[in-house]
Each structure stands twice: as C-alpha cells, then as structure tokens.
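> The numbering of the sequence shown is our numbering, which starts it at 4 and goes up by one. C-beta atoms are modelled at their ideal positions from N, C-alpha and C, and glycine is treated no differently.
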Amino acid sequence: MPDQPESEERHTMKNLHTSWPLLKHYDQDHLRCIALPLGGIGTGTVSLGGRGNLQDWEIMNRPAKGYNGGEAFFALYAQAEGQPAVTRVLEGILQPPYDGAFGAKTPYHGLPRFRHCVFDAAYPLGQVTLTDPDMPLDARLEAFNPFIPADADASGIPVAILRYVLHNKTKYPVRATVCASMRNFIGTDGHSGKPISNVNTYRQEELFRGLFMSSTGIEPTAEQFGTMALVTTTQEGSHRCAWPAEGWNTALLHFWDELSADGKLAPLDSTPQDAPMGSLTAEVTVPPREERALTFLLTWHFPNRQTWTPPKENTCDQGEGLSCGSPERVGNYYAQCYRDAWDVAQQVVARLAELEAKTVQFVQAFCSSDLPEVVKEAALFNLSTLRSQTCFRSKDGRFFGWEGCHDDRGCCHGSCTHVWNYEQATAFLFGKLACRMREVEFLHALHDSGLMSFRVNLPLERAREFAFAAADGQMGCIMKVYREWQLSGDDEWLRILWPHVKRALSFCWIPGGWDEDRDGVMEGCQHNTLDVEYYGPNPLMGVWYLGALRAAEEMAHYVGDGGFAATCRELFTKGSRWLDANLFNGEYYEQRVVPPKEGQLIAEGLRVGAGAKDLSDPDYQVGPGCLVDQLAGQLMAHICG
C-alpha cells in the first residue's frame, strides 16, 4: 500500500522566489473548479486548470467548455547524479470522477503525476506548485497572458505563456527535461468540423524553436482554419513532429518509454495523419539547491470569425450565430496584427520581458491597494471575462460582446445596451475600446428617429435591423458617452457624437414614447434588462433617465447647446422630485403600474413582446416589490461624478 501523503506544508516548494503577487491560494482539496483563461482580448483562450493541466480549448472563435482538442500535456524527466531517473506528468493527481467507458475522461489518465499540488493566483497570473517525494525536483508553473491597461493590442495577443521553474531539492546535480506534447487539431472546434491532413513542421530561430502546426486539408475560409505553434526559448532539446500512427495506444507507450529512458526523443517527421501529435523538449541541468526556468509559448491564429447574425429572419438571438453557416464573416482584429501563429511567437519572444514586467506592475499595484481582499479578488478575477469568448474585436478593431456564453456558443448577441450598462472594466482599463462601443451605438445602431437598436447585428451595415429600443439601455448609453468623455478628455470625439446623443435623448419625448408628456418621468412602455416591458413609473428606468438627463445637460453646456441643457435641467428637477414624492415608500422605491389605456399609442420599437400579453392587466410588473436594480442608474451617476 502506498505511503499516505504528508501534510501540504511539507510539500510546499521552498527557496523559490518570484516577483509575482499572490491574491488567492487554493489547496489540493479545492482545485477541481479552477480554470484560469490564458489568451488575449478578442483572441480566445485555453484555460489553466487547478492541477496545472490545460483545458477548455476555446481558440477557434467559439466557446468550448470541456473541450480538450489539443490533448496537451507537459512531462518532466529528472535524473539526479547517480540516482534512477523519474518521469512525471507536470500536473497534480486526477480529481474524481475516475470512471467512464474507457476510464477517466482526462487524456492520458494512466500516466503518473505529482502527488501534491497547490494553486496561487492574481489574475492574469497563475502559479501551480507541484511536489512529489519520489522526484528530485520540485516544479512551479508560472502561466500568464499579457494584461496591460490602456494597451489593448498588448493585452490582445493570442498566446499562453508557460514557464516551468525547477528547484533541485537534493545535494546532487539533476539533469532535467520538460517535454510538451500537443495534438494538431486544426479543423475542429469542439462543436463542428474535423481535422484533415494537418501538418507539424519543426522550425528553429535564434531566440526560440518549436513546432508550427498548419493544415493542407481545411478550407481556408472555414471558421476552424488557422495555425498554431508550440515553442520554447530553450535551445537545448529534442523534438518529434508526429507520434507513430499506431493502435491500442502503443504510440503513447513508446513515447513514455523513450522519454523516461534518457529524457530525449528521436526525431520523427510528420506522417500522413489528420491530427498528428507533436512533442517538443527543453533540457537543463539544475545544480544542487538551485533553480532553473524553462519557458514555453503556445500561440494560435484563427482569422475567420463569423457574424453572430446571419442574414435571415431568425437573427440567432439565442446564440446560434456561430453555427448558422453564414457566409458573412467579421474576422478578428488580432489576425491583422500577425501573419500566423509563428509570427505571434516571433513578436512575443522579442518582447517577453517587457510584457511580463508591465503585467506584473499592474497586478502588483492593484493587489497593494487597501481594498478588502474579497473586493480585490472579485474585481481582478472577473477581468478574465474580457478575454473569454464573450468578447471579440472584429477585423476593423471594433469591440463587441455577447451577454455571456453557453458551453459551446455565445448567448444573446449584439453588445446588448442594457446588459453592458453593468460593465465598467472596459472603460477604465481600455478606454479606446469603450469609445468604439459608443461609436457603434450612436453612429451605427441609432435610427433617424432616435431609436437605438439595443442589439447590434453584424456586419455593421445591418446594425439597425434589430429595430427595438430598451429604455434603460438607451439611457445608459448616454451616460456612458459622458463617462468616456470624462475619462478620455477627447472634446472632438464628444462633438462628433453629440448630435446623435441629443437625438437619442429626444426620442424619449415622441408620441407614444417613454416620456411623452415631458415631465421627467417615464410612464410609457419600457422594455428593460429583465427582458420584459414595464408599464408606469418605476425606479429602474426612472433613475437611468434622470442620470441621462444630467449627463446630457453637462455635455450640452460644454458644446454650447444652452437651450438643450436648460431643457434637461428642467426635466431632471421635475422628475427627481416626482420620484421621491410618489415612488419612495420610506424604505425603497416602488413601481406604480399604469396599464396602457385602450387605443393608447405605443411607439414603434418599444414593445419587444417578451413580457405581458394582456396589456389591460400586464404581468411581469414589480408593483410594490423591492426591485434589485432600482438604483443601478444611481451607481452609474456616482461613477460619472
């Protein structure tokens, strides 16, 4: 019977120092649900799992939770002088469940792994510490993707940087090899497609070497077409462009036996296979009680992102846009910055020290603040959404976002105005991207009437096809123009957008509109973020409206539109007083439900139809209930100053 594991403290790596800040520690009993996405803004990601494994390969323009197309793993061969060699997968032990039709679902689950594993993180920096009493080396994986506020391009690189720091805990020199193995799965994204005639090619340059993965069989216009690269900055090592095409997993057995023999692999060129497995090693000798680091980069380049709204009556609003087979493509901005995955590696390796230093500087500054730890964790870790498939940049550099993601597709298209009202990170960290969102809303999604399509169809020539307005979303966009102007100080940008902002606010006052009687209170049919329509005054729309009036007043004054500024001030004053006098019950703000009268006009584009069907007694109203969103607009007002 094997020895029982000793305490975790005994197996925490000693004498390893890093400048990386730490915000959250996870012990071995709390690793199963960790997935730290490695990838840039708009590039897709592969996630670092809690055991040091790579999972969720979402690099081909769609979500792919649970997809392990790359089947990538790293292994460590170590031989202390005069001692037997030991080989382990550079991961912690498997987590339950272990059962399945062919055993555990984890790729290569039968290979030995490190007995002890802990995870430390301060996004986007993830560290996995691996120890094993039978291994002469401890290992720490330091993984990240550059995240540099105000530099969206440097924060939008399709790369996962993986550095293995090896610490010799013995009194003997240890000869070590880290071997990366990965399948060329170009052509399949976990949802559709299949690899056809993929090829791995070994390349060597002055600063790095590795495997370039391409395909001769995938249609160049396919969404799953592209390239990948697996490289290391260590010049000493071996490689294998393919594993033998053998059955019954004998290729894995031969690979493991060969690596375990002396830490080297005999070269094997890519043979005719659809999805060849490639391996790349980096070799080093670690002196007694010292450490050495070996760096690997995984890069990718998949340029053919599809529109999320194929040109048909069903605009794929529930996230089918990525699988509707549309010939229209919006592309990826990052693909304009790099020729292919090898070019990504070339550019990143040349700047690696700078990119890491600036990333660490940001995280260190944030973690050094006096905010409560739970607040720092919530704020910092949720920045990962910017790098998920929730967000993307089209070929022209514009920034778009779904409402969120299903496991294998986006959910609810269109940079939805009311949903994105709740997001602040983009504006404060990447202001230019936020400004591009406002430009789409006011220069492309705004109709001549002042109605703003709260979901943007793509390409932008079709931005106004979804001809419905959301009251909270449209008012929030006005406030966000003010926010972006305050943060950027770009007066010319404000002057360009101002006529459209003015038209969007004036839309409130049209016949059958939200505030037809111009009393500063929204009483009309108000579609909103809860996917229903409210009828009658309520705090959710009322406060967003007041915030938009105040923001518009300030902007109008600045551009010299005194008359409109006065109108906004008058309506704000009346509306603010009315809400306090009529909706506040001493504890919170209620809704006064006012069903439309028979024959009463509801302006076109205000009723989406997701809510009440019987307008004489509309359901989905809050009435005297306490609405969780009642002061969302007030929060934005505080943020705007």
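1) In whole angstroms, what separates the C-alpha of R441 from that of Y548?
2) Taking all protein chains shown into account, decide if A153 is buried (16 or more other Cβ within 10 angstroms of its Cβ) or exposed.
3) Considering Cα atoms alone, identify which of D534, L604, C182 is closest to G612.
4) If we ignore side chains and look at the alpha-carbon of each, how far apart do N645 and E293 end up?
5) Who are the Cβ neighbours of T224 in its own chain at under 7 Å, not counting the five residues just before and after it?
6) Using 8 Å as the Cβ pair cut-off and three pairs as the minimum, do the stretch 459–479 and the stretch 412–425 touch?
7) Quick check on the DSSP output: the alpha helix (DSSP H) that includes D260 runs from which residue to which?
8) From the DSSP output, in three-state form, read off G563 for me.
9) Within the continuous beta strand (DSSP E) that includes S50, where are the two ends?
10) Looking at the secondary structure, which residues open and close the alpha helix (DSSP H) in which L436 lies?
11) Drop a sphere of 10 angstroms on the beta-carbon of R342, count the other beta-carbons inside from all chains shown, and report buried for 16 or more, exposed for fewer.
12) Between which two residues does the alpha helix (DSSP H) carrying C36 extend?
13) Roughly how many angstroms separate the alpha carbons of A437 and L604, rounded to a whole number?
14) Taking Cβ to Cβ, would you say V443 is nearer than 8 Å to V459?
15) Would the beta-carbon of R143 fall within 8 Å of that of V131?
16) Would you kindly work out how many angstroms separate the C-alpha atoms of L630 and F567, rounded to a whole number?
17) So, does the stretch 199–213 touch the stretch 31–48, judging by three or more C-beta pairs under 8 Å?
18) Take A569 as the anchor and find which of E380, S579, R580, L552 has the nearest alpha-carbon.
19) Y425: buried (16+ other C-beta within 10 angstroms of its C-beta) or exposed?
20) Start and end of the alpha helix (DSSP H) containing M185?
21) For the putative contact between I164 and L300, defined by C-beta atoms under 8 Å, what is the C-beta separation to the nearest angstrom?
22) In the structure shown, what three-state DSSP assignment does K68 receive?
23) Under 7 Å: does the beta carbon of L449 sit that close to some heavy atom of the ligand NAP?
24) Between F76 and P115, which are expected to be in contact by the criterion C-beta below 8 Å, what is the C-beta distance as a whole number of angstroms?
25) Measure the C-alpha to C-alpha separation of Q98 and W517 and round it to an integer number of angstroms.
26) Please state if the CB of P66 and the CB of Q309 are separated by a distance shorter than 8 Å.
27) Give the DSSP bridge partners of H119, in chain order.
Taking the definition as stated:
1) Going by the C-alpha atoms only, they are around 18 Å apart.
2) In summary, A153 is exposed, with fewer than 16 beta-carbon neighbours lying within 10 Å of its beta-carbon over all protein chains present.
3) When C-alpha distances from G612 are compared across D534, L604, C182, the shortest belongs to D534.
4) There is no way to answer for residue 645, as the model of the chain reaches only from 4 to 644.
5) Counting only Cβ-Cβ distances below 7 Å, and skipping sequence neighbours, we find N307.
6) In this structure the stretch 459–479 lies against the stretch 412–425, because at least three pairs of beta carbons, one per stretch, are closer than 8 Å.
7) Secondary structure note for D260: its alpha helix (DSSP H) is the uninterrupted segment 253–265.
8) Here G563 carries a coil assignment [DSSP, helix/strand/coil].
9) Boundaries of the beta strand (DSSP E) around S50: 48–52.
10) Residues 434–446.
11) Classification for R342: exposed.
12) C36 -> no alpha helix (DSSP H), and no H or E assigned at all.
13) Looking at the two C-alpha atoms, the distance is approximately 36 Å.
14) Cβ distance < 8 Å, so V443 and V459 count as in contact.
15) Taking 8 Å as the Cβ cut-off, R143 and V131 qualify as a contacting pair.
16) Near 32 Å, if we compare the C-alpha coordinates of F567 and L630.
17) The stretch 199–213, when compared against the stretch 31–48, does not touch it at the 8 Å Cβ threshold.
18) Checking every option, the nearest Cα to that of A569 belongs to L552.
19) Exposed is the call here.
20) Per DSSP, M185 belongs to no alpha helix (DSSP H); it is in the beta strand (DSSP E), 177–186.
21) The distance from the Cβ of I164 to that of L300 is about 6 Å, consistent with a contact at the 8 Å cut-off.
22) If DSSP states are grouped into helix, strand and coil, K68 belongs with coil.
23) Judged by which ligands are present, the structure shown has none, so any question about the ligand NAP falls away.
24) With 8 Å as the limit, F76 and P115 do not qualify as a contact, their Cβ atoms being about 12 Å apart.
25) Approximately 54 Å, taken between the alpha carbons.
26) No, these two residues do not count as a Cβ contact at 8 Å.
27) Bridge partners of H119: T134.
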